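Enquirer:
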Amino acid sequence: MGGHARNRAAAHAPPPALRASGLTRTHTRGGVAVHALAGVDAVFPEGGFTAVMGPSGSGKSTLLHCLAGLERPDAGTVAVGGRPITGLAEPALTRLRARAFGFVFQSFNLIPSLTAGENITIGQRLSGLPLDEAWRDHLVDSLGLADRLGHRPFELSGGQQQRVAVARALVHRPSVLLADEPTGNLDSRSGAGVLEALRQAASAHGQTVVMVTHDPVAAARADRVLLLRDGLVRDELTDPTADSVLARLRRLEAR
Numbered sequence: 000m001g002g003h004a005r006n007r008a009a010a011h012a013p014p015p016a017l018r019a020s021g022l023t024r025t026h027t028r029g030g031v032a033v034h035a036l037a038g039v040d041a042v043f044p045e046g047g048f049t050a051v052m053g054p055s056g057s058g059k060s061t062l063l064h065c066l067a068g069l070e071r072p073d074a075g076t077v078a079v080g081g082r083p084i085t086g087l088a089e090p091a092l093t094r095l096r097a098r099a100f101g102f103v104f105q106s107f108n109l110i111p112s113l114t115a116g117e118n119i120t121i122g123q124r125l126s127g128l129p130l131d132e133a134w135r136d137h138l139v140d141s142l143g144l145a146d147r148l149g150h151r152p153f154e155l156s157g158g159q160q161q162r163v164a165v166a167r168a169l170v171h172r173p174s175v176l177l178a179d180e181p182t183g184n185l186d187s188r189s190g191a192g193v194l195e196a197l198r199q200a201a202s203a204h205g206q207t208v209v210m211v212t213h214d215p216v217a218a219a220r221a222d223r224v225l226l227l228r229d230g231l232v233r234d235e236l237t238d239p240t241a242d243s244v245l246a247r248l249r250r251l252e253a254r
């Protein structure tokens, strides 16, 4: 393909689902400035599954929070589907998060007084977004929750609670799913079920998944791994395996 043809193709290519450009963020801890992000550039394609890893304090969670608009960067921009969101007023940002993002955290954040079924659909009730019941039923079946919908969180195992949280994050069909250590409180079998749900969100449903994790086995389920250190993306690994991720982490920490 000639240069002009490539330029035309690039001009008509759809924007990535999520893009971070020059993100910087400084926190103050005990009167000391800590540079959590020092100019992060990253592109997250539609339907891709990206794991974000790095040593403690490398900026992983801060990056995730800035991507979601939960935390505003000091400089730089975040764009969702080509639309910059960094300068949006809080009401507009809240509406965007309700439509475009799903969230899964290490702590399940379920409402104790609600059943599993009610926890899954609480976002629709609060936001007024319509509920696609067929899609909800598909999620419930695929996550093995059909016989648990009437149970409250204390009646569920940790793996079941996290699968409820995944269903809640996906039920409104967000374009981007952000997960922060989603298997951190789970045993290996329960964690594998949650990771499979995230893998299917990307592979089968075209959602863009960004997952912060410290676990090389979890990262190996992703299409690629971004490795952060000192607030910058220092390395990228495609088609990861647990062994290759562990080797890159060791190399990163040895620098």
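Quick note on numbering: the numbering used here labels position 68 of the sequence shown as 67, and the sequence is numbered without any gaps. All C-beta atoms, glycine included, are put in the ideal place defined by N, C-alpha and C. Here the structure is a predicted model, which is why all the values come from computation and not from measurement.
Using 8 Å as the threshold, is the stretch 47 to 67 in touch with the stretch 223 to 240, meaning 3 or more CB pairs across them?
Expert: The answer is yes - the stretch 223 to 240 touches the stretch 47 to 67, with three or more Cβ pairs under 8 Å.
Enquirer: Excluding the 5 residues preceding and the 5 following Pro44 in the sequence, name in chain order all residues of the same chain whose CB lies nearer than 8 Å to its CB.
Expert: These residues qualify, in order along the chain: Pro15, Ala16, Thr207.
Enquirer: Which two residues bound the contiguous alpha helix (DSSP H) that contains Ser126?
Expert: Run containing Ser126: 115 to 126, per the alpha helix (DSSP H) assignment.
Enquirer: Exposed or buried, which one is Ile110 when buried takes at least 16 other CB atoms within 10 Å?
Expert: It counts as exposed.
Enquirer: Are the CB atoms of Gly158 and Leu36 nearer to each other than 8 Å?
Expert: No. Outside cutoff.
Enquirer: What are the boundary residues of the alpha helix (DSSP H) that includes Asp186?
Expert: No alpha helix (DSSP H) contains Asp186, which DSSP labels as neither H nor E.
Enquirer: Under 8 Å between the Cβ atoms of Gln161 and Ser189?
Expert: The answer is yes: Cβ separation under 8 Å.
Enquirer: Within the continuous beta strand (DSSP E) that includes Asp170, where are the two ends?
Expert: Here residue 170 is Val; the residue named in the question, Asp, does not match the sequence. Val170 -> no beta strand (DSSP E), and no H or E assigned at all.
Enquirer: Checking 8 Å against the spacing of the C-beta atoms, do Gln105 and Pro181 come in under that value?
Expert: A contact, by the Cβ cut-off of 8 Å.
Enquirer: Report yes or no: do three or more beta-carbon pairs, one from the stretch 22 to 30 and one from the stretch 60 to 79, lie closer than 8 Å?
Expert: Yes, the stretch 22 to 30 is in contact with the stretch 60 to 79.
Enquirer: Hey, Leu130 and Thr114: beta-carbon distance below 8 Å or not?
Expert: No, they are not a contact pair.
Enquirer: Counting only runs that start and end within the stretch 203 to 240, where is the beta strand (DSSP E) found for 3 or more residues in a row?
Expert: Segments of the beta strand (DSSP E) lying fully in the stretch 203 to 240: 207 to 211, 223 to 228, 231 to 237.
Enquirer: Under 8 Å, do Val103 and Ala41 count as touching if we go by C-beta distance?
Expert: No, the Cβ-Cβ distance between Val103 and Ala41 is not below 8 Å.
Enquirer: Let me know the secondary structure DSSP gives Arg28 once reduced to three states.
Expert: The answer is strand: DSSP assigns Arg28 an E or B state.
Enquirer: Let's test the definition: count the other Cβ atoms within 10 Å of the Cβ of Thr49 and tell me whether it reaches 16, buried, or not, exposed.
Expert: Thr49 comes out buried.
Enquirer: In this structure, how does DSSP classify Gly158 when only helix, strand and coil are distinguished?
Expert: Here Gly158 sits in helix by DSSP.
Enquirer: From Ala10 to Gly205, what distance separates their C-alpha atoms?
Expert: Confidence at Ala10 is low in this model, with a pLDDT of 47, below 50, so its placement is unreliable and no value can be given for it.
Enquirer: For a quick check, are the C-beta atoms of Leu69 and Ile84 less than 8 Å apart?
Expert: No, these two residues do not count as a Cβ contact at 8 Å.
Enquirer: Skipping 5 residues on each side, what residues in its chain have a beta carbon closer than 8 Å to that of Gly192?
Expert: Closer than 8 Å at the Cβ level, and outside the excluded window around Gly192, lie Leu142, Gly143, Gly158, Arg162.
Enquirer: List the endpoints of the continuous alpha helix (DSSP H) containing Leu62.
Expert: Here the alpha helix (DSSP H) through Leu62 covers 59 to 66.
Enquirer: Return the CA-CA distance between Ala32 and Leu22, expressed in angstroms with no decimal places.
Expert: Approximately 16 Å between the Cα atoms of the pair.
Enquirer: Would you please state the rounded distance, in angstroms, between the beta carbons of Leu197 and Gly101? I believe it to be under 8 Å.
Expert: About 10 Å separates the two Cβ atoms, so there is no contact after all.
Enquirer: Could you check if Arg18 is buried or exposed, using at least 16 other CB atoms within 10 Å of its CB as the buried criterion?
Expert: By the neighbour-count rule (16 or more Cβ atoms within 10 Å), Arg18 is buried.
Enquirer: Alpha carbons only, please: which of Leu87, Glu117, Thr93 is nearest the one belonging to Val170?
Expert: Here the closest residue by C-alpha is Glu117.
Enquirer: Relative to the alpha-carbon of Ala166, which residue among Asn184, Glu132, Ala221 has its alpha-carbon at the smallest distance?
Expert: The candidate whose alpha carbon is nearest that of Ala166 is Glu132.
Enquirer: Identify which residue in Thr237, Ala246, Ala78, Phe107 has its Cα closest to the Cα of Glu152.
Expert: First, the residue type needs correcting, since residue 152 is Pro and not Glu in the sequence shown. Closest by alpha carbon: Phe107.
Enquirer: So, for Trp134: in the same chain, excluding its five sequence neighbours on each side, which residues have a beta-carbon less than 8 Å away from its beta-carbon?
Expert: Within the same chain, Trp134 has close Cβ partners Val170, Arg172.
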